[in-house]
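Worksheet: one structure, shown below.
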Amino acid sequence: MNCIGCPVSCGADRSIQSGACGVKGLKIAKYGLHPFEEPPVSFKNGSGCIFFCGCSLKCAFCQNFELSRNTRGKEITERELADIFKRLEDAGAENINLVNPTHYLRHIIGAINIYKPGIPVVYNTHGYETQESLLLADSFADIWLTDLKFIDGALSERYTARPDYARFALPAVKFMAQKPLKMRGDGKMLSGCIVRHLILPLAAYDSVDVVKYVSELPGEAYLSLMSQYTPFGDIDKLPELQRKITRREYARVLRAVEDCGLKRVFLQDFDSADKSFIPAWDY
67 MNCIGCPVSC
77 GADRSIQSGA
87 CGVKGLKIAK
97 YGLHPFEEPP
107 VSFKNGSGCI
117 FFCGCSLKCA
127 FCQNFELSRN
137 TRGKEITERE
147 LADIFKRLED
157 AGAENINLVN
167 PTHYLRHIIG
177 AINIYKPGIP
187 VVYNTHGYET
197 QESLLLADSF
207 ADIWLTDLKF
217 IDGALSERYT
227 ARPDYARFAL
237 PAVKFMAQKP
247 LKMRGDGKML
257 SGCIVRHLIL
267 PLAAYDSVDV
277 VKYVSELPGE
287 AYLSLMSQYT
297 PFGDIDKLPE
307 LQRKITRREY
317 ARVLRAVEDC
327 GLKRVFLQDF
337 DSADKSFIPA
347 WDY
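Given below as C-alpha coordinates:
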(Lines of atoms letter the chains of each structure in order from A; the text may use other names.)
(Lines give C-alpha, C1' and ligand atoms only; values in the text may rest on other atoms or scores of the structure.)
Protein backbone atom coordinates (compact mmCIF):
# COMPACT_ATOMS: atom_id res chain seq x y z
CA MET A 67 0.00 0.00 0.00
CA ASN A 68 1.40 3.41 -0.95
CA CYS A 69 1.89 5.58 2.12
CA ILE A 70 -0.02 8.87 2.33
CA GLY A 71 -0.29 8.98 6.12
CA CYS A 72 1.45 12.31 6.68
CA PRO A 73 1.24 15.57 4.69
CA VAL A 74 4.30 14.63 2.63
CA SER A 75 2.23 11.87 0.95
CA CYS A 76 5.41 10.32 -0.46
CA GLY A 77 3.54 7.31 -1.84
CA ALA A 78 6.24 4.80 -0.84
CA ASP A 79 5.31 1.14 -0.52
CA ARG A 80 6.74 0.85 2.98
CA SER A 81 6.48 -2.92 3.00
CA ILE A 82 9.52 -2.92 0.71
CA GLN A 83 11.12 0.53 0.89
CA SER A 84 11.56 3.51 3.20
CA GLY A 85 9.27 6.52 2.90
CA ALA A 86 9.91 10.19 3.61
CA CYS A 87 9.89 9.20 7.28
CA GLY A 88 13.04 7.14 6.70
CA VAL A 89 11.54 3.78 7.66
CA LYS A 90 9.83 0.80 6.12
CA GLY A 91 7.64 -1.62 7.99
CA LEU A 92 6.97 -1.12 11.71
CA LYS A 93 9.88 -0.22 13.98
CA ILE A 94 10.25 0.81 17.63
CA ALA A 95 13.18 1.78 19.85
CA LYS A 96 11.70 1.42 23.32
CA TYR A 97 8.57 0.80 25.34
CA GLY A 98 7.90 1.02 29.06
CA LEU A 99 6.41 3.06 31.89
CA HIS A 100 7.38 6.72 31.53
CA PRO A 101 7.05 9.13 34.49
CA PHE A 102 7.94 12.38 32.68
CA GLU A 103 4.75 13.22 30.77
CA GLU A 104 2.27 15.82 32.03
CA PRO A 105 0.91 14.91 35.52
CA PRO A 106 -2.57 13.69 34.48
CA VAL A 107 -0.98 11.53 31.76
CA SER A 108 1.88 9.92 33.69
CA PHE A 109 -0.32 10.08 36.80
CA LYS A 110 0.78 7.52 39.44
CA ASN A 111 2.25 4.52 37.62
CA GLY A 112 3.60 6.19 34.50
CA SER A 113 2.42 6.41 30.92
CA GLY A 114 2.88 3.27 28.82
CA CYS A 115 5.07 4.82 26.13
CA ILE A 116 5.96 3.15 22.84
CA PHE A 117 8.65 5.09 20.95
CA PHE A 118 8.31 4.64 17.19
CA CYS A 119 11.25 5.14 14.80
CA GLY A 120 11.47 7.51 11.85
CA CYS A 121 9.88 10.90 11.22
CA SER A 122 9.09 13.00 8.15
CA LEU A 123 9.47 16.30 10.02
CA LYS A 124 13.22 15.91 10.75
CA CYS A 125 13.67 18.70 13.29
CA ALA A 126 17.36 19.62 13.49
CA PHE A 127 17.17 19.86 17.30
CA CYS A 128 15.23 16.61 17.88
CA GLN A 129 15.99 15.17 21.32
CA ASN A 130 15.04 11.74 20.00
CA PHE A 131 17.43 12.18 17.10
CA GLU A 132 18.54 8.54 16.90
CA LEU A 133 14.91 7.49 16.50
CA SER A 134 13.75 10.19 14.12
CA ARG A 135 16.70 9.51 11.80
CA ASN A 136 16.16 5.74 12.06
CA THR A 137 19.69 4.95 13.17
CA ARG A 138 18.47 2.40 15.70
CA GLY A 139 15.39 0.37 16.56
CA LYS A 140 13.79 -3.04 16.11
CA GLU A 141 11.29 -4.17 13.51
CA ILE A 142 8.15 -5.76 14.94
CA THR A 143 4.84 -7.07 13.63
CA GLU A 144 1.36 -5.74 14.32
CA ARG A 145 0.72 -8.74 16.55
CA GLU A 146 3.86 -7.97 18.53
CA LEU A 147 2.67 -4.38 18.90
CA ALA A 148 -0.67 -5.66 20.20
CA ASP A 149 1.24 -7.83 22.68
CA ILE A 150 3.12 -4.72 23.86
CA PHE A 151 -0.22 -2.97 24.48
CA LYS A 152 -1.26 -5.90 26.70
CA ARG A 153 2.13 -6.08 28.43
CA LEU A 154 2.07 -2.38 29.33
CA GLU A 155 -1.51 -2.61 30.53
CA ASP A 156 -0.67 -5.60 32.73
CA ALA A 157 2.30 -3.67 34.15
CA GLY A 158 -0.06 -0.98 35.43
CA ALA A 159 0.39 1.69 32.74
CA GLU A 160 -2.04 4.57 33.11
CA ASN A 161 -2.50 4.64 29.33
CA ILE A 162 -0.97 3.48 26.06
CA ASN A 163 1.13 6.37 24.75
CA LEU A 164 1.95 6.18 21.03
CA VAL A 165 4.98 8.43 20.60
CA ASN A 166 5.40 9.73 17.03
CA PRO A 167 2.73 7.47 15.53
CA THR A 168 1.71 9.31 12.35
CA HIS A 169 3.53 7.20 9.77
CA TYR A 170 2.45 3.97 11.52
CA LEU A 171 -1.24 4.76 11.72
CA ARG A 172 -2.44 1.80 9.69
CA HIS A 173 -0.11 -0.57 11.59
CA ILE A 174 -1.49 0.77 14.86
CA ILE A 175 -5.07 0.27 13.71
CA GLY A 176 -4.12 -3.30 12.76
CA ALA A 177 -2.68 -3.90 16.24
CA ILE A 178 -5.75 -2.40 17.95
CA ASN A 179 -7.95 -4.70 15.91
CA ILE A 180 -5.99 -7.58 17.48
CA TYR A 181 -6.04 -6.18 21.01
CA LYS A 182 -7.92 -3.04 22.08
CA PRO A 183 -6.45 -1.66 25.32
CA GLY A 184 -8.81 -1.25 28.26
CA ILE A 185 -7.01 1.94 29.27
CA PRO A 186 -6.90 5.33 27.46
CA VAL A 187 -4.85 5.61 24.28
CA VAL A 188 -2.65 8.70 23.88
CA TYR A 189 -1.79 9.92 20.38
CA ASN A 190 1.53 11.71 20.96
CA THR A 191 2.25 13.64 17.75
CA HIS A 192 4.42 16.43 16.36
CA GLY A 193 1.27 18.04 14.97
CA TYR A 194 2.19 17.69 11.30
CA GLU A 195 -0.98 15.84 10.38
CA THR A 196 -3.63 15.61 7.69
CA GLN A 197 -7.30 15.80 8.57
CA GLU A 198 -7.80 12.37 6.98
CA SER A 199 -5.26 10.74 9.30
CA LEU A 200 -6.69 12.51 12.34
CA LEU A 201 -10.17 11.20 11.53
CA LEU A 202 -8.75 7.66 11.40
CA ALA A 203 -6.85 8.12 14.65
CA ASP A 204 -9.90 9.62 16.32
CA SER A 205 -11.53 6.20 16.11
CA PHE A 206 -9.21 4.92 18.88
CA ALA A 207 -7.39 7.92 20.42
CA ASP A 208 -8.75 9.11 23.77
CA ILE A 209 -6.13 11.78 24.44
CA TRP A 210 -4.38 14.00 21.92
CA LEU A 211 -0.90 14.98 23.11
CA THR A 212 0.29 17.21 20.31
CA ASP A 213 3.14 19.58 19.65
CA LEU A 214 2.59 22.98 18.13
CA LYS A 215 6.20 23.70 17.26
CA PHE A 216 6.04 26.87 15.18
CA ILE A 217 3.66 29.34 13.59
CA ASP A 218 6.36 31.35 11.79
CA GLY A 219 7.18 29.58 8.52
CA ALA A 220 10.73 30.95 8.62
CA LEU A 221 11.42 28.83 11.71
CA SER A 222 9.99 25.62 10.26
CA GLU A 223 11.96 26.21 7.07
CA ARG A 224 15.19 26.74 9.01
CA TYR A 225 14.79 23.95 11.55
CA THR A 226 12.83 21.19 9.80
CA ALA A 227 12.40 19.52 6.42
CA ARG A 228 8.84 20.91 6.20
CA PRO A 229 8.44 24.66 5.58
CA ASP A 230 4.66 24.08 5.41
CA TYR A 231 4.49 22.83 9.02
CA ALA A 232 2.02 25.47 10.26
CA ARG A 233 -0.29 25.07 7.25
CA PHE A 234 -1.05 21.55 8.46
CA ALA A 235 -0.37 21.84 12.20
CA LEU A 236 -2.70 24.76 12.92
CA PRO A 237 -5.88 23.08 11.60
CA ALA A 238 -4.72 19.77 13.07
CA VAL A 239 -4.40 21.28 16.55
CA LYS A 240 -7.78 22.98 16.15
CA PHE A 241 -9.33 19.59 15.35
CA MET A 242 -7.65 17.87 18.30
CA ALA A 243 -8.60 20.65 20.73
CA GLN A 244 -12.26 19.71 20.33
CA LYS A 245 -11.79 16.34 22.04
CA PRO A 246 -14.08 16.41 25.12
CA LEU A 247 -12.14 16.86 28.36
CA LYS A 248 -12.78 14.11 30.92
CA MET A 249 -10.80 14.07 34.15
CA ARG A 250 -11.23 11.45 36.84
CA GLY A 251 -11.91 12.77 40.33
CA ASP A 252 -8.34 12.00 41.42
CA GLY A 253 -6.83 14.00 38.54
CA LYS A 254 -6.16 11.35 35.90
CA MET A 255 -6.98 12.37 32.32
CA LEU A 256 -9.31 9.99 30.51
CA SER A 257 -10.01 12.13 27.44
CA GLY A 258 -8.95 15.49 26.10
CA CYS A 259 -6.17 17.41 24.40
CA ILE A 260 -2.84 18.79 25.57
CA VAL A 261 -0.97 21.14 23.24
CA ARG A 262 2.77 21.15 23.88
CA HIS A 263 5.12 23.92 22.90
CA LEU A 264 8.89 23.96 23.32
CA ILE A 265 10.37 27.46 23.65
CA LEU A 266 13.46 27.83 21.46
CA PRO A 267 16.35 30.31 21.72
CA LEU A 268 15.65 33.57 19.85
CA ALA A 269 12.10 32.39 19.10
CA ALA A 270 10.13 33.67 22.09
CA TYR A 271 8.19 35.95 19.70
CA ASP A 272 6.79 32.87 17.97
CA SER A 273 6.06 31.19 21.31
CA VAL A 274 3.94 34.22 22.19
CA ASP A 275 1.97 33.70 18.97
CA VAL A 276 1.52 30.02 19.83
CA VAL A 277 0.16 30.95 23.26
CA LYS A 278 -2.31 33.36 21.65
CA TYR A 279 -3.42 30.70 19.15
CA VAL A 280 -4.00 28.13 21.90
CA SER A 281 -5.96 30.67 23.95
CA GLU A 282 -8.43 31.01 21.05
CA LEU A 283 -8.95 27.29 20.41
CA PRO A 284 -12.39 25.74 20.79
CA GLY A 285 -12.94 23.22 23.55
CA GLU A 286 -10.98 22.77 26.75
CA ALA A 287 -7.44 22.02 25.62
CA TYR A 288 -4.49 22.37 27.99
CA LEU A 289 -1.29 24.18 27.06
CA SER A 290 1.95 22.50 28.16
CA LEU A 291 4.73 25.08 27.96
CA MET A 292 8.18 23.50 27.94
CA SER A 293 11.43 25.21 28.89
CA GLN A 294 13.54 22.05 28.55
CA TYR A 295 15.30 22.88 25.27
CA THR A 296 18.80 21.38 25.40
CA PRO A 297 21.28 21.66 22.51
CA PHE A 298 21.07 18.34 20.70
CA GLY A 299 20.84 16.85 17.24
CA ASP A 300 22.18 18.27 13.98
CA ILE A 301 22.71 21.91 14.99
CA ASP A 302 26.34 22.59 14.02
CA LYS A 303 25.24 25.13 11.41
CA LEU A 304 22.60 26.70 13.67
CA PRO A 305 24.54 28.79 16.19
CA GLU A 306 21.43 30.17 17.89
CA LEU A 307 20.42 26.65 18.93
CA GLN A 308 23.69 25.94 20.68
CA ARG A 309 22.50 27.40 23.97
CA LYS A 310 19.53 26.93 26.29
CA ILE A 311 16.80 29.55 26.52
CA THR A 312 17.32 32.50 28.86
CA ARG A 313 15.20 33.48 31.85
CA ARG A 314 14.16 36.61 29.95
CA GLU A 315 12.89 34.53 27.00
CA TYR A 316 10.96 32.27 29.34
CA ALA A 317 9.48 35.24 31.23
CA ARG A 318 8.30 36.82 27.99
CA VAL A 319 6.27 33.74 27.14
CA LEU A 320 4.90 33.43 30.67
CA ARG A 321 3.64 37.01 30.40
CA ALA A 322 1.75 36.02 27.27
CA VAL A 323 0.13 33.12 29.16
CA GLU A 324 -1.00 35.56 31.84
CA ASP A 325 -2.13 38.21 29.34
CA CYS A 326 -4.22 35.66 27.44
CA GLY A 327 -5.88 34.49 30.63
CA LEU A 328 -5.04 30.82 30.11
CA LYS A 329 -6.06 28.68 33.08
CA ARG A 330 -5.43 25.13 31.88
CA VAL A 331 -1.64 25.28 31.69
CA PHE A 332 1.27 23.04 32.61
CA LEU A 333 4.53 24.90 33.17
CA GLN A 334 8.00 23.36 33.39
CA ASP A 335 10.51 24.65 35.90
CA PHE A 336 13.03 26.84 34.14
CA ASP A 337 15.82 24.46 35.20
CA SER A 338 14.25 21.49 33.38
CA ALA A 339 16.71 21.71 30.48
CA ASP A 340 18.77 18.58 30.98
CA LYS A 341 19.77 15.61 28.83
CA SER A 342 18.75 13.26 31.64
CA PHE A 343 15.16 13.53 30.34
CA ILE A 344 16.19 11.83 27.07
CA PRO A 345 15.45 8.09 27.41
CA ALA A 346 18.06 5.39 27.01
CA TRP A 347 16.96 3.38 23.98
CA ASP A 348 16.52 -0.39 24.20
CA TYR A 349 17.08 -1.32 20.57
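In the working numbering, the protein residues as written are 67 to 349.
Ideal placement from N, C-alpha and C gives every residue a C-beta, glycine not left out.
| message | When you compare the CB positions of residue 160 and residue 113, do they come within less than 7 Å of one another, or not? | response | yes
| field | Assigned secondary structure, residue 192 (DSSP; H/G/I helix, E/B strand, else coil) | value | coil
| said: So, at 6 Å on beta carbons, what are the nonlocal neighbours of residue 173 in its own chain, with the 5 sequence-adjacent residues on each side left out? | reply: 92, 144
| Cα separation between residue 267 and residue 75? | 31 Å
| said: I'd like to know whether the C-beta atoms of residue 139 and residue 207 end up nearer to each other than 7 Å. | reply: no
| task | Alpha carbon to alpha carbon, how far is residue 89 from residue 219? Give it in angstroms, no decimals. | result | 26 Å
| query | Taking the alpha helix (DSSP H) that residue 202 falls in, what are its first and last residues? | reply | 197-203
| message | Classify residue 186: buried if its beta carbon has 16 or more other beta carbons within 10 angstroms, exposed otherwise. | response | buried
| query | How big is the Cα-Cα spacing for residue 78 and residue 106? | reply | 37 Å
| query | Going by alpha carbons, who is nearest to residue 287 out of 276, 258, 322, 301? | reply | 258
| request: Consult DSSP for residue 102 and reduce its assignment to one of helix, strand or coil. | output: coil
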